[in-house]
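First up is the structure itself, then whatever we jot down about it.
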């Protein structure tokens with residue numbers, strides 16, 4: 001295989017250094033202090049690429065911690081900045097500065113939804129955009145059609161369902177640093193729920209499942225302003241059950257013990273979640289998951305190995321004793337094989353290569369050509385690393 | 001005076017044709033079907049420039065009505081489109097298409113806040129941006145500093161107060177087609193309130209003023225979703241007064257009779273409104289205004305000629321009989337002299353000229369140069385047309 005860009009280890013095992021820009025959203029720092037999926041993944045990927053010797057510039061909020069060169073258009077993460085009412089200006093400032101210095105990078109990797117599309121149209125051949133959010137939004141298809149030249153990455157194959165015709169270059173599943181968590185023993189005697197209190201993640205179902213399975217439940221979750229009423233009226237009354245413990249939002253340092261000591265993670269989602277980061281965080285701690293068959297769940301969870309995939313609260317209740325029989329060492333091993341940050345970085349480097357080959361050898365791709373290339377014609381890297 | 005761009009009438013009174021892009025927001029059509037200030041002004045300006053023989057392309061929603069060439073990224077105005085949840089993609093599509101065809105225009109006039117700044121940095125020397133909104137927002141100054149090369153227009157001098165150091169090229173007051181309204185007789189026997197029900201426009205004060213002045217009040221206003229609770233709890237109880245008539249949102253065809261028959265327009269604002277379009281709509285009907293001394297009011301209203309400027313509800317009550325003594329013919333005449341669409345178009349053409357001279361003769365202006373030029377050094381066209 002030819003390797004014009006020197007992305008692959010040569011005979012001496014040396015990978016040629018690339019100049020890479022990673023562009024994170026500014027809502028959370030990289031990594032986030034507490035909750036925050038996208039910025040967390042960008043941070044893991046950035047530090048891994050630095051470790052591999054690449055020259056990486058991270059566009060992120062000023063309170064980010066990184067070994068890459070940090071370019072910050074704002075001092076603090078915007079979610080925690082009470083002065084900030086409109087996040088768009090800071091994103092525009094970051095994108096403008098990047099556009100002015102685009103020549104200094106071999107590849108520019110965006111994690112900023114579609115915000116950068118208009119500004120980077122003429123640079124499409126050296127960009128890759130990971131879409132981190134749900135894609136079943138009515139206003140997204142016109143955007144993806146208009147900017148059909150922009151190379152896209154999905155974080156699960158399920159995520160693509162609403163727009164299978166978009167310009168997909170591959171699926172790359174998220175990964176975590178292998179040393180972030182050690183395997184836990186799962187002997188805390190409780191079930192775990194982690195993340196956010198909101199209707200689509202069904203904390204009420206988690207409480208019902210734990211109660212009917214006869215086990216305590218510990219909930220580590222934030223409550224966004226938009227979900228305040230839901231929390232007050234629907235969830236808070238359920239927290240009076242003495243076997244339910246609500247500990248609020250927790251950070252990385254507490255997460256290992258919280259997940260590692262849990263008998264299982266409950267993931268009773270009621271929406272097509274594009275990638276459940278909590279699932280692989282549990283696996284990294286050797287903890288089995290009991291997850292509803294929605295969105296990316298069947299791609300992430302190996303039924304009977306790393307967890308149990310269920311279709312109802314009844315099935316979830318029945319799954320609790322089964323989950324506790326799963327081999328925690330095997331779960332941790334599957335995490336290392338499938339969801340390490342090393343695997344994620346390799347997948348992305350391969351896609352950087354694919355973009356650069358197409359961007360420099362082909363003519364500027366027309367919108368219609370982009371729209372014609374469907375989901376079946378691309379390279380679903382994530383899937384090939386699956387099982 | 002040299003005239004390299006041929007913007008001024010030559011000896012035969014002929015103005016050389018310019019290729020002008022007008023870029024409207026997409027929330028309302030141009031003109032709006034009902035309420036909507038910015039798109040209304042863009043529409044008036046566009047049609048006037050077409051009438052003067054310029055080659056105008058209007059970027060606006062597909063349900064706009066114009067004699068210019070219409071470029072529409074969406075079929076309908078977004079505020080009335082229940083399918084639309086995120087307005088940004090459609091604005092991005094419009095700006096992208098415009099950027100691709102920027103060479104086809106001599107001048108590009110934006111009315112889209114700061115949305116176009118990153119994409120048109122390299123075209124700054126052929127752009128003009130009218131900022132239509134309030135400027136005392138905490139996230140705006142970083143944006144105006146980063147994009148200090150973009151030529152800006154204010155719609156009143158008062159509007160600039162929070163950012164006097166920005167790259168102002170002038171103030172241009174809004175204007176209306178002179179034939180839109182005829183002078184009314186003001187013999188309806190009622191006071192008028194028009195616009196939006198919201199705390200900062202103080203419809204409650206309008207009701208109090210009318211009650212204490214012993215006159216009926218007619219309210220023609222929309223209620224936005226965000227103001228629903230305010231309307232239900234604070235205003236609706238006041239509407240039980242039989243002398244207060246709430247007629248909801250009205251269109252252009254009804255507005256003439258509504259304002260023309262009114263004894264006076266009450267404008268008891270409690271915020272620094274950048275330009276009160278209703279004030280000049282009233283003047284166009286010969287109707288005096290009673291307006292609070294906030295924001296642009298002292299620039300628009302000539303105290304004792306076109307209305308009365310007051311500082312309190314007490315003063316407003318006392319002003320009602322005085323307002324009825326003002327000469328309605330003189331009010332209409334001052335409207336024609338100061339707030340016609342012809343005057344607005346002349347002001348803007350002069351600023352297009354100023355931009356083109358600086359954009360082509362000067363080097364690319366540095367950000368610091370832009371930031372140094374303050375409010376006193378520019379050409380405040382609006383003021384010179386004032387009195």
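Protein chains in written order, with the working numbering: chain A, 1 to 387; chain B, 1 to 387.
Idealized CB from N, CA, C, for every residue including glycine.
Look at residue 291 of chain A here: in three-state DSSP terms it is strand. With fewer than 16 other beta carbons inside 10 angstroms of its own, residue 101 of chain A counts as exposed. Between residue 189 of chain B and residue 153 of chain B, the alpha-carbon positions lie close to 39 Å from each other. Straight-line spacing of the CA atoms in residue 112 of chain B and residue 132 of chain B works out to 8 Å. At a cut-off of 9 Å between beta carbons, residue 85 of chain B contacts chain A.
When the beta-carbon positions are compared, residue 262 of chain A and residue 184 of chain A come within less than 9 Å of each other. Residue 253 of chain A carries a helical assignment under DSSP once its states are collapsed to helix, strand and coil. Under a 10 Å Cβ-count criterion, residue 82 of chain A is classified as exposed, with fewer than 16 other Cβ atoms of the shown protein chains found around its own Cβ. Between residue 125 of chain B and residue 21 of chain A, the alpha-carbon positions lie close to 30 Å from each other.
Between residue 143 of chain A and chain B, the shortest Cβ-Cβ separation is below 9 Å. At a beta-carbon threshold of 9 Å, the residues of chain B lying near residue 114 of chain A are 88, 89, 92, ordered along the chain. Look at residue 301 of chain B here: in three-state DSSP terms it is coil, with no helix or strand label. Within 8 Å of the CB of residue 95 of chain B, the CB atoms of chain A belong to 118, in sequence order along the chain. Residues of the region 123 to 149 of chain B with a C-beta less than 8 Å from any C-beta of chain A: 137, 138, 139, 140, 142, 143, 146, 147, listed in chain order. Put simply, of B:275, B:158, B:217, B:232 the residue whose alpha carbon is nearest the alpha carbon of residue 258 of chain B is B:217.
For residue 137 of chain A, no beta strand (DSSP E) segment is defined, and its DSSP state is neither H nor E. Between the alpha carbons of residue 267 of chain A and residue 135 of chain B lies a gap of roughly 45 Å. Counting only residues of its own chain and dropping the five nearest sequence neighbours on each side, residue 73 of chain B has a CB closer than 6 Å to the CB of 90, 93, 94. As the crow flies, the alpha-carbon of residue 290 of chain B is around 55 Å from that of residue 129 of chain A.
Going by beta carbons, residue 176 of chain A and residue 341 of chain A fall inside the 9 Å limit. DSSP places residue 207 of chain B in the uninterrupted alpha helix (DSSP H) bounded by 203 to 213. Less than 9 Å divides the Cβ of residue 18 of chain A from the Cβ of residue 107 of chain A. Residue contact with chain A for residue 99 of chain B: present (Cβ-Cβ distance below 9 Å to some residue of chain A). The beta-carbon separation of residue 159 of chain A and residue 274 of chain A, rounded to 4 Å, stays under the 8 Å limit for a contact. For residue 109 of chain B, the enclosing beta strand (DSSP E) has its first and last residue at 107 to 110. Around the beta carbon of residue 329 of chain A, fewer than 16 other beta carbons lie within 10 angstroms, which makes this residue exposed. When beta bridges are read from the DSSP output, residue 88 of chain B appears opposite no residue. Here residue 294 of chain A has 269, 272 as same chain residues with Cβ atoms under 6 Å from its own Cβ, once five neighbours each way along the sequence are excluded. The three-state secondary structure of residue 271 of chain A, taken from DSSP, is coil. At a beta-carbon threshold of 9 Å, the residues of chain B lying near residue 121 of chain A are 96, 99, 100, ordered along the chain.
The Cβ atoms of residue 319 of chain B and residue 194 of chain B lie no closer than 9 Å to each other.
For residue 128 of chain B, the enclosing beta strand (DSSP E) covers residues 127 to 130.
A residue is called buried when at least 16 other Cβ atoms come within 10 angstroms of its Cβ; residue 241 of chain B does not meet this threshold and is exposed. Taking residue 16 of chain A as reference, the option from A:120, A:335, A:46, A:54 with the minimal CA-CA separation is A:54. Among the residues facing chain B, residue 198 of chain A is not included, as its CB has no counterpart in that chain under 9 Å away. Look at residue 74 of chain A: its C-beta is under 9 Å from a C-beta on chain B.
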